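Engineer: Got a structure for you, written out below as structure tokens; questions coming shortly.
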Amino acid sequence: MAEKGYVEITIDGQTVQAQEGEKILWAALDAGIEIPHLCAIREAHPPLGTCRLCFVEVEGEGVVASCVEPVREGMVVHTDGERAKTLRRRAMELLLADHDLECKTCVKEGNCEFLQMAISMKVKKPKNLHPFPREELPVDDSHPLIIFDPNKCIRCGKCVWVCREKAELVPFDFVYKGYDMRLTTFLSRPLGETNCTGCGECVEVCPVAALYFRKA
Amino acid sequence: MAEELQEVLAPYPVERRYLLRILQGVQQKMGYISEEALEGVASHLKISPAEVYGVATFYNQFRFIPYGKHHIVACLGTACHAMGGQLILDAFERELDIKAGGITPDHGWSLDRVGCIGCCTKAPVVVINDVIHAKMSPFKVEEVLAGLGLEMRKEKEEEEAGEGESQ
Amino acid sequence: MKGNLNDLQKQAQEKWEELEESSFTIRIGTPTCGRAAGSLDTLQAFQERIKKEGVEAHIIEVGCMGLCFAEPLVIIHNPDSGLPPILYGFITHEKVLRLVEGFILGDDPCLELALGTVEFKEDGTPYIPEMPRFEIEERLVLRNCGYIDPLDIGQYLARGGYLTLQKALKMTPEGIIREVEQARLRGRGGAGFDTARKWKACYQMERGPKYLICNADEGDPGAFMDRVVLESDPHSVIEGMVIAAHALGASQGFIYTRAEYPLVIERLKIALSQAREIGVIGEDILGSGVNFDIELVEGAGAFACGEETAMIASIEGRRGMPRPRPPHPTEYGLNGEPTVVDNVKTFALVTRILQQGGEWFSQIGSPNSTGTAVFALAGRVEQIGLVEVPMGTTLKEVIFEVGGGITNGRTFKAVQIGGPAGGCLPESALDLPVDYDSLKEVGAIMGSGGMVVLDENNCMVETARFFVDFLARECCGKCTMGRLGVKQMLLILEDFVKGEGTEEDLDMLEGLAHDVREGCLCNLGGSAANPVLTTLRYFRDEYEAHVTGKRCPALVCKELITYYILPEKCEKGCDHCVLTCPTEAIATDEKTRKKKILQDKCVKCGTCIDVCPPEYDAVIKVSPPDRVKELEGEAGG
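Protein chains in written order, with the working numbering: chain A, 495 to 710; chain B, 2 to 168; chain C, 65 to 701.
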């Protein structure tokens, strides 16, 4: 039996103790069990839930997003169920298909969280999907500290979340909706003309090279 | 402009939940939402202009360019689509020579599409200057436009061709 | 005006009885769809004639009776004639004179214009005995619609309005929830969630304030039930909301409706202010100590806001994007407080349940889906309009008996049920009883009640493309599956309707649809798979025709058809098509004077088919497009 305030669950056959109300994803990661994820922020309540990479299977419940589903006493979780794996792969394939993947010329040189996640999931850019109608947008290098390349953005939403925690008035947000939803400043004005202080919180959480520090 | 905006803003307390209502008010008063208005709304509610821009672009109702003198909304709901609504929109686009969401260069005509106006029993329908026109057909599009004073493209072309000949 | 409800009710009833028994009344339906059919002109014509003739008659603007196919609708009651009220259909303004001279000045009831007489059931619900559909229909939500004046709270009171609220305010919250539980009411918004369970979850939350939201954001294209209810009988919804608020302990309510529904907004504003005046909303409601007010919130055109967490975000002034659950709104809703969101019709039914008891309600419909279902019947069906039938009625009964079957003697192909995220069901599903579970089994959903009938002239691939296009535009964009998965489905379907797809794409589409269904952040995005999966399941042959045969069997997909004029049918003296063709794509043969379509100029708008006189009927569509060359060859040779 778990201590007070804690519950005991099973993940891939391993018994794991987790704080009541904790999400499956964090319980697993704390126990050293990997589940793919890109958008998850532990402090975010409710969670962002945007990337759709963290699916697992819970016995009796089916597939759930592990960053959203809280642990329950006696819960049995499988991270390697076929359906969960298929969904994770599909989400990653879609993200890759909508990404320019010019890793050689990218500032992160392939060392970004996104590419590493794709490699660890053994997912490559799919050939049988229709190309998305991506629109090349100009890179914004107006800010003294931060460069914003909207073409790399995977819309995880972490930057907006951390910025909103810190700044009273966020310098950027998502605009439009559907496929056209993208991150931008007010009227897409240069970031350097906004109130962005360059604190760099957004850069720290960006899993791609959409927001990065200017090289000194 | 600034005064009109203040008139819209004044009654609203500084609470974020009034954002949509204020944007609706601005649009009703001015016909569209200008860049200055977006900034004015943000500063009134003390929220980030980027967020106001994000909210305004999320909702289909908000326009960032003015309406034309005549504003046409073609309904493309399920019933209208099943009854040939796309052909009606096509006809407007062809006759006005603009795409949905656009406005003619002389600002005489603007055209939008809408998901459904709940008038499904009269499909296909269009709303022209707030009046609903029921059971449209491509041919009726020409009639309606001519009735509102649009010089038909055909005539224009003929005229142009005629002028060309006489020169 | 505030005072004892019983006194107000008594006064209203006396006034109503006088109106019903001894006054000359002319009721004219002026809801949005009636207006589109010209009912405001009809209204004006009556007003002018009545004034001119100096007749004493009450002209009452009413809502929608659901018989939208026959609009403009007029009900005339001439007590001196000894006849019951008579319902007339298709009364455009030019027919007003005939009615005035016939039945108002004279004693000829103009039966050639009549659809039937208006009789009343025991509970006062009007019905038309001459119309067979009323044998199937059971009107709980639509009880008052089309008969009372929605702008006069007195007429609602006279028919027992707000007496149920008075009763409910004397009950405990648990008592109200128990009635709803006994009724086994499921939410009318689409998913069919157990209403009592939701209420209980909110009621048990020990913090507040609590909020109650009426979801009137009827964004489903092809649906207009909620619009009609709010335009025709707003107080039945308001009454249900106050009852629910008492049960939950909610202090503030919101009605979130669409900006595209200006008349709903106008009428709700009036209804709310009248309700406030007589003290059925506001502070200390009817002396019970309960405080609850309702604020009207206009949406701004975003389909996603129909999803409850998105609606809450929108009311807070944010982008209307759903958020993952849990936590559910009953725990963490508006401003982070416990919140219940229910559909318009759910509230209207709550009023009926509290009035007549949960037990009574549970006897109507089928065991797991109790009560009635309201459908907006549209598309290629004769008697388009609103239908309210007990749950479990078959699709066939709804479409063929209530709806009168398919227009112009064409063949039924499919019924699209449950809005864009619903499904397309084929003929073989017609015997299916309509209830939450049966529909789910065949891949559709009840949705909020849109029912669009499609016939042989509708292409199922194009229909699927249409819905996915709508959902891709309206998807909030927040999650990968919604933003990219739905868009990818659309890209594939766009190829199909152009005849550019492959067999591999078909498999991809199906696989994607399953993944989107399961992998989206919200139900709304997930249900985008339904139109694709149901059309693939029931109409796969049409997909095959597009993909392998490069033809559109229903002759709809523009890239896969051509227009052709049959020379043997073309009448040489007639110039209809030539004169109306918007692109001058029709040429006249100098010798025969017969017409021919110049394919390189034709934009396939269909005007020539529209204008070709039915006695010639010379324009046809062919698919695949090359077929036209064969025809021209045959004709030429």
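Where is the CB? At the ideal position from N, CA and C, for every residue including glycine. Note that this is a predicted model, so its numbers are computed, not measured.
(1) Taking the CB atoms as reference points, tell me whether residue 649 of chain A and residue 547 of chain C lie closer together than 9 Å.
(2) In chain order, which continuous runs of the alpha helix (DSSP H) of length 4 or greater are located wholly inside the stretch 230-293 of chain C?
(3) Less than 7 Å between C-beta atoms, sequence neighbours within five positions excluded: which residues of the same chain meet that for residue 528 of chain C?
(4) Span of the beta strand (DSSP E) holding residue 488 of chain C?
(5) Is the shortest distance between the beta-carbon of residue 545 of chain A and the beta-carbons of chain C less than 9 Å?
(6) Any beta-carbon of chain B closer than 9 Å to the one on residue 237 of chain C?
(7) Buried or exposed for residue 613 of chain A, going by 16 or more other Cβ atoms inside 10 Å?
(8) From residue 121 of chain C to residue 92 of chain C, what does the alpha carbon distance come to, in whole angstroms?
(9) Name the chain A residues whose beta carbon is nearer than 7 Å to that of residue 536 of chain C?
(10) Distance, Cα to Cα, residue 733 of chain C vs residue 35 of chain B?
(11) When we look at the beta-carbon of residue 184 of chain C and count the other beta-carbons within 10 Å, is it buried (16 or more) or exposed?
(12) Using a beta-carbon distance cut-off of less than 8 Å, what residues from the stretch 583-602 of chain A approach chain C?
(13) Helix or strand or just coil, what does DSSP make of residue 96 of chain C?
(14) Please list, in chain order, the chain A residues whose beta carbon lies closer than 9 Å to that of residue 322 of chain C.
(15) Which residue's Cα is closest to the Cα of residue 339 of chain C: C/326, C/327, C/628, C/359?
(16) For residue 39 of chain B, would you say it is in contact with chain F, using Cβ-to-Cβ distances shorter than 9 Å as the test?
(17) Report the neighbours of residue 16 of chain B on chain A: residues whose CB is nearer than 9 Å to its CB, in chain order.
(18) Can you name the residues of chain B whose CB is closer than 8 Å to the CB of residue 602 of chain C?
(19) Here's the rule I'm using: 16 or more other beta-carbon atoms within 10 Å means buried, otherwise exposed. How should residue 78 of chain B be labelled?
(20) Between residue 363 of chain C and chain B, is there a C-beta pair that is closer than 9 Å?
(21) State the beta-bridge partners of residue 513 of chain A as determined by DSSP.
(22) Taking the beta strand (DSSP E) that residue 454 of chain C belongs to, which residues open and close that run?
(23) Quick one: what's got a C-beta closer than 7 Å to residue 333 of chain C's C-beta in the same chain, skipping five residues either side?
(24) Quick one: using the 10 Å Cβ neighbour count with 16 as the cut-off for buried, is residue 424 of chain C buried or exposed?
(25) Pairing CB atoms from the stretch 106-116 of chain B with CB atoms from the stretch 66-78 of chain B, are three or more of them under 8 Å?
(26) Of all the CB atoms in chain A, is at least one closer than 9 Å to the CB of residue 544 of chain C?
(27) As a quick exercise: from C/288, C/123, C/247, pick the residue whose alpha carbon is nearest that of residue 132 of chain C.
(28) Check the Cβ of residue 572 of chain C against every Cβ in chain A and list those closer than 7 Å, keeping chain order.
(29) Less than 9 Å between CB atoms is the rule here; does residue 36 of chain B satisfy it with respect to chain A?
(30) Is the CB of residue 560 of chain C under 9 Å away from at least one CB in chain B?
(31) Using three-state DSSP, classify residue 622 of chain C as helix, strand or coil.
(32) Starting from residue 51 of chain B, find everything on chain A with Cβ-Cβ shorter than 7 Å and list it in chain order.
(33) DSSP state of residue 712 of chain C, grouped into three classes?
(34) Run the CB neighbour count on residue 522 of chain C, radius 10 Å, all protein chains shown included, and call it buried at 16 or more, exposed below.
(35) From the DSSP output, read off the bridge partner residues of residue 331 of chain C.
(36) Thinking just about the alpha-carbon of each residue, which of B/25, B/83, B/43 is nearest to the one in residue 471 of chain C?
Structural biologist: On the basis of the coordinates in this document:
(1) yes
(2) 237-247, 259-267
(3) 557, 595, 596, 599
(4) 487-490
(5) yes
(6) no
(7) exposed
(8) 13 Å
(9) 672, 673
(10) Beyond the ends of chain C as shown, which are 65 and 701, falls residue 733 of chain C; an answer cannot be given.
(11) exposed
(12) 584, 585, 588, 589, 591, 592
(13) helix
(14) Under the 9 Å cutoff, chain A gives no residues; its nearest Cβ is about 17 Å from residue 322 of chain C.
(15) C/359
(16) Reference to chain F is not applicable here, since the protein chains of this structure are A, B and C.
(17) Residues of chain A passing the Cβ test: none, with the nearest at roughly 16 Å.
(18) Correct list: empty, because the minimum Cβ distance to chain B is about 17 Å.
(19) buried
(20) yes
(21) A/500
(22) 449-454
(23) 360
(24) exposed
(25) yes
(26) yes
(27) C/288
(28) 622
(29) yes
(30) no
(31) helix
(32) 664, 665, 666, 667, 679, 680
(33) Since the first residue of chain C shown is 65 and the last is 701, residue 712 of chain C is not available in this structure.
(34) buried
(35) Its beta-bridge partners do not exist; DSSP assigns none.
(36) B/83
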